[in-house]
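Numbering-wise, my numbering puts 206 at position 118 of the sequence shown, and it's gapless, one number per residue. Glycine is no exception: its CB is placed at the ideal position from the N, C-alpha and C atoms. Keep in mind that this is a model prediction, so the values were computed, not measured.
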Amino acid sequence: MKKIVSILTVFALVCLCAVPAFAVNTTAALTLSADKTTANAGDIITVTVSVSENSNLGALEFNVEFDRTAYTPVANSATTPVGALNPTVNLDYATGVRYTGATAGAITEGGALLTFQLQVVKPGSALSLNIGLASDGTTLDGEDVTDQVVANSTKSVTIACGHATQLSEITKYPTCTEAGNENIICTVCGKVVGSHTIAATGHTAGDWEVKTPATCTEAGEEIQKCTVCDAEVNSREIAALGHDVSEWTVTDEPTCTEEGVQTGVCARCGETVTEPVAALGHDVAEWEVTKGATCTEAGSRTGVCARCEEPVTEEIPALGHDFGEWVVVKEATETEEGSRERVCSVCGEKETEVIPVLTTEAEEGTTGTANPKIPQTSGAVAGGIAAAAMLAMAAGVAAVTLKKKREG
Ligand SMILES: [Zn+2]
Ligand SMILES: [Zn+2]
Ligand SMILES: [Zn+2]
Ligand SMILES: [Zn+2]
Ligand SMILES: [Zn+2]
89 MKKIVSILTV FALVCLCAVP AFAVNTTAAL TLSADKTTAN AGDIITVTVS
139 VSENSNLGAL EFNVEFDRTA YTPVANSATT PVGALNPTVN LDYATGVRYT
189 GATAGAITEG GALLTFQLQV VKPGSALSLN IGLASDGTTL DGEDVTDQVV
239 ANSTKSVTIA CGHATQLSEI TKYPTCTEAG NENIICTVCG KVVGSHTIAA
289 TGHTAGDWEV KTPATCTEAG EEIQKCTVCD AEVNSREIAA LGHDVSEWTV
339 TDEPTCTEEG VQTGVCARCG ETVTEPVAAL GHDVAEWEVT KGATCTEAGS
389 RTGVCARCEE PVTEEIPALG HDFGEWVVVK EATETEEGSR ERVCSVCGEK
439 ETEVIPVLTT EAEEGTTGTA NPKIPQTSGA VAGGIAAAAM LAMAAGVAAV
489 TLKKKREG
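Right under this line is the structure:
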């Protein structure tokens with residue numbers, strides 16, 4: 089009954105469109121595609137087989153073939169949006185998924201012929217489309233035109249491995265001085281997906297050890313070796329030891345003004361070693377001052393050496409001034425510098441020093457005194473203060489004059 093209805097429908101289409109039955113469109117093409125280019129185990133991918141345009145193929149059979157241990161079709165996931173009448177889909181076909189277009193209807197639209205879903209078991213496997221011939225064996229100008237549709241088609245896609253789990257494998261171990269290398273490998277497909285260098289470890293210095301011992305006169309050397317590769321990594325000098333003489337004999341006596349010499353034998357190297365003995369310096373018991381030293385000028389003294397009986401003259405250094413306390417000569421004000429002086433008690437030398445202008449900051453700490461930089465409200469009060477200041481200054485000048493007279 090179904091077949092009869094299909095035949096009637098085809099007949100109706102032929103009448104309506106005035107197209108000869110099964111005049112196959114040889115420019116039509118089939119395309120196999122997937123919604124993912126990479127996938128990992130457990131991922132679901134959607135596979136689509138489309139026809140580019142009206143093919144007018146009477147019927148069509150194709151398989152989407154794949155390794156059934158790599159992909160598992162998802163039950164009830166197949167749809168056939170466009171196609172011949174009554175297409176059927178077998179998701180459990182031995183080599184993949186099989187589509188069979190009905191024999192009673194031509195495929196007259198472009199679009200998706202088949203969609204279905206696959207769950208990835210082993211990532212990285214290819215899918216391919218094996219297109220069967222149209223069941224009617226249509227020929228056009230003596231050629232099997234379905235072959236041309238097949239020739240136009242995209243027959244395979246590859247879903248690459250997503251490399252979900254990776255491990256690193258050292259391909260070259262680093263040394264003290266050379267970098268190593270490590271590859272990153274996908275544990276699913278085994279592909280090397282990355283690589284990076286491992287920094288050189290650097291040396292590990294061991295304990296200091298003597299390489300060349302020091303002698304009495306020559307420096308030695310000690311080194312540190314790497315505990316891993318035995319390379320010499322550090323070096324430092326051991327200072328020369330110097331001779332070891334325990335008993336000296338004076339072989340040339342020193343005088344008041346000239347060095348002597350002492351001689352000994354080194355206990356370590358057996359060498360005879362000589363060393364200078366310092367000059368003794370004159371030995372004067374009584375000095376006579378020939379010129380006294382002042383605050384600023386050196387003096388001198390003479391005597392006779394008890395050892396060599398030579399006359400000896402010696403300088404007496406200048407004494408330096410002996411200044412008393414500072415005395416203020418003129419108090420500093422907010423507008424004028426002051427001065428102070430001090431006098432040497434020995435020679436009367438006078439030293440004068442400037443006292444800097446008073447700053448207003450210093451006044452802020454005091455209480456009760458009016459800041460002279462702030463104008464007073466009463467002219468009489470301001471005048472009074474000015475008069476008092478003048479009086480104080482005059483008194484100061486008088487005191488200094490008195491002091492100078494006394495000194496004279
Ligand atoms: Zn992989
Ligand atoms: Zn090393
Ligand atoms: Zn020695
Ligand atoms: Zn002397
Ligand atoms: Zn003096």
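Just to confirm before moving on: does the CB-CB distance between residue i and residue j stay below 7 Å?
i: S427; j: T440; result: yes
i: T390; j: T378; result: yes
i: L148; j: G189; result: yes
i: V316; j: A293; result: no
i: P301; j: I286; result: no
i: Q350; j: V361; result: no
i: A497; j: V245; result: This structure leaves residue 497 out entirely; the chain is present only between 89 and 496.
i: N144; j: A214; result: no
i: C393; j: D410; result: no
i: A406; j: A386; result: yes
i: V442; j: E429; result: no
Which class does residue i belong to by DSSP, given the choice of helix, strand or coil?
i: T440; result: strand
i: A239; result: helix
i: T447; result: coil
i: G453; result: Note that G453 scores 45 on pLDDT, short of 50, meaning its location in the model is unreliable; the coordinates nonetheless yield the value given after this. Coil.
i: E144; result: It should be noted that the sequence gives Asn, not Glu, for residue 144. Here N144 sits in coil by DSSP.
i: T360; result: strand
i: T337; result: strand
i: R324; result: strand
i: C344; result: coil
i: S433; result: coil
i: V112; result: coil
i: V102; result: Residue placement at V102 cannot be trusted, given a pLDDT of 39 that sits under 50; the coordinates are not used to answer.
i: L255; result: strand
i: V372; result: strand
Mark residue i as exposed unless 16 or more other C-beta atoms lie within 10 angstroms of its C-beta, in which case mark it buried.
i: N151; result: buried
i: V137; result: buried
i: V208; result: buried
i: R356; result: exposed
i: V98; result: Interpretation of V98 is limited by its pLDDT of 42, a score under 50 that renders its predicted location unreliable; no figure is taken from the coordinates.
i: G130; result: exposed
i: H251; result: buried
i: N164; result: exposed
i: I247; result: buried
i: R186; result: buried
i: K313; result: buried
i: S323; result: exposed
i: P211; result: buried
i: E31; result: Missing from the structure shown is residue 31; the chain here goes from 89 to 496 and no further.
i: V431; result: buried
i: G290; result: exposed
i: C274; result: buried
i: L201; result: buried
i: G278; result: exposed
i: H284; result: exposed
i: V112; result: buried
i: V445; result: exposed
i: A166; result: buried
i: A468; result: Because A468 sits at a pLDDT of 41, beneath the cut-off of 50, its placement in the model cannot be relied upon, and the point is left open.
i: I258; result: exposed
i: G146; result: buried
i: V280; result: exposed
Can you check DSSP and say which residues form a bridge with residue i?
i: A127; result: C249
i: A367; result: According to DSSP, A367 bridges with nothing at all.
i: E425; result: Partner(s): none; E425 has no beta bridge.
i: Y261; result: DSSP lists no partner for Y261.
i: F150; result: Y187 and I219
i: R389; result: V377 and E402
i: K418; result: S427
i: E310; result: V298 and R324
i: S244; result: S216
i: G282; result: I272
i: G178; result: The sequence given here places Asn at residue 178; Gly does not occur at that position. Looking at the DSSP assignment, N178 forms a beta bridge with R186.
i: A293; result: C314
Specify, as a first and last residue, the run of the beta strand (DSSP E) that residue i falls within.
i: C274; result: G268 to C274
i: T315; result: That residue, T315, is in no beta strand (DSSP E); it is neither H nor E in DSSP.
i: S165; result: Per DSSP, S165 belongs to no beta strand (DSSP E) and is neither H nor E.
i: S138; result: I132 to V139
i: A200; result: G199 to V208
i: G348; result: G348 to V353
i: A122; result: L118 to A122
So is the beta-carbon of residue i under 6 Å away from any non-hydrogen atom of ligand 7?
i: K279; result: Among the ligands modelled here, namely ligand 1, ligand 2, ligand 3, ligand 4 and ligand 5, ligand 7 does not occur.
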